[in-house]
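Residue numbers (the working numbering): 719 to 1017. Glycine included, C-beta positions come from ideal geometry on N, C-alpha and C. Quick caveat, the model's predicted, so the values are computed rather than measured.
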């Protein structure tokens, strides 16, 4: 598994270990954390963009399947560090596919993005909507999807909505729930950009883990959206948090951020129709579980 010491990756590792699987994690720990990893998982430290290092760390062991979570994920940063993002996302994915094939695995589950690939979605985007990435991050994730699709492996790409839950970092983009929760916990003001009308599709991490496990266990192939199909504004998110934690310490207004996507939402109907997955955790329940796991007192 690549990126297994990160937010989503470590939750997937936990689920695989619980199911009795042996798990090898490849992570360069640039954003992942050893503390996220169950010690039963074997950690190999390597940059997926360095093919020789990747293959040296994995040796000649045999593996059954690969979950590919590793990536650079900051949309704004990708615009100023194009070469780095292309090297890790596109080059790294190419290396993972080559290594997956060499070690005998027959399936790769590729973790991709919904919001950064579809762009503005006035109607929640299904998988047939032409991709319209506005950032280098989105463009390189789209290129990585093609590499996975064109490989001779059974490939499942999961385009995730805005994932949230325990262990999420507050310094990476897309983590507004983690950021707000930290403010509530520390008694600091939350910051609202613009009028707070930006909308996102928030999907709970445990639900996403179920999608990954289903992709590994089944005979599925292709691209699937993994989200709720519900667009929630930042203002609505604050209201939902207030119901659980009480009102925020204070609210600080800030100018709208340039080039911010106003509405990002994915339609998960295909995953449900084909029997792969459907969301089960409502936002209020997911927020409650996340707050409890992070030690924030409920109202």
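Please tell me whether residue i and residue j are closer than 8 Å, where the distance is taken between their beta carbons.
| i | j | result |
| --- | --- | --- |
| residue 986 | residue 944 | yes |
| residue 918 | residue 880 | yes |
| residue 873 | residue 835 | no |
| residue 783 | residue 825 | yes |
| residue 1016 | residue 1006 | yes |
| residue 730 | residue 952 | no |
| residue 785 | residue 1014 | no |
| residue 735 | residue 758 | yes |
Taking DSSP as the reference, what is the three-state secondary structure of residue i?
| i | result |
| --- | --- |
| residue 938 | coil |
| residue 923 | helix |
| residue 946 | coil |
| residue 958 | helix |
| residue 982 | strand |
| residue 781 | coil |
| residue 720 | strand |
| residue 1003 | helix |
| residue 963 | helix |
| residue 761 | strand |
| residue 1012 | coil |
| residue 972 | strand |
| residue 732 | helix |
| residue 991 | helix |
| residue 951 | strand |
| residue 930 | helix |
For the putative contact between residue i and residue j, defined by C-beta atoms under 8 Å, what is the C-beta separation to the nearest angstrom?
| i | j | result |
| --- | --- | --- |
| residue 766 | residue 814 | 6 Å |
| residue 726 | residue 923 | 6 Å |
| residue 910 | residue 958 | No, residue 910 and residue 958 are not in contact; Cβ-Cβ is about 14 Å, not under 8 Å. |
| residue 724 | residue 750 | 4 Å |
| residue 984 | residue 832 | 4 Å |
| residue 764 | residue 741 | Between residue 741 and residue 764 the Cβ distance is about 16 Å, and since that is not below 8 Å, they are no contact. |
| residue 787 | residue 720 | 6 Å |
I'd like the list of long-range same chain contacts for residue i, defined as Cβ closer than 6 Å, with 5 residues on each side in sequence excluded.
| i | result |
| --- | --- |
| residue 862 | 807, 808, 811 |
| residue 663 | Lying before the first or after the last residue shown, residue 663 is absent from the chain, which here runs from 719 to 1017. |
Can you find the residues in the same chain that come closer than 8 Å, C-beta to C-beta, to residue i, ignoring five residues on each side of it along the sequence?
| i | result |
| --- | --- |
| residue 838 | 850, 979, 980, 981, 982 |
| residue 816 | 769 |
| residue 996 | 986, 989, 990 |
| residue 781 | 742, 818, 821, 822, 823 |
Considering only residues of the same chain and omitting the five flanking positions on each side of residue i, which have a CB-CB separation below 7 Å?
| i | result |
| --- | --- |
| residue 969 | 907, 908, 910 |
| residue 853 | 793, 796, 797, 834 |
| residue 998 | 925 |
| residue 732 | 756 |
| residue 804 | 858 |
In the segment 829-915, which residue ranges form an unbroken beta strand (DSSP E) of at least 3 residues, counting only runs that do not cross its ends?
872-878, 880-882, 908-911
Please give the ranges of any beta strand (DSSP E) in the segment 783-834, keeping only runs that are unbroken, at least 3 residues long and fully inside the region.
783-786, 825-831
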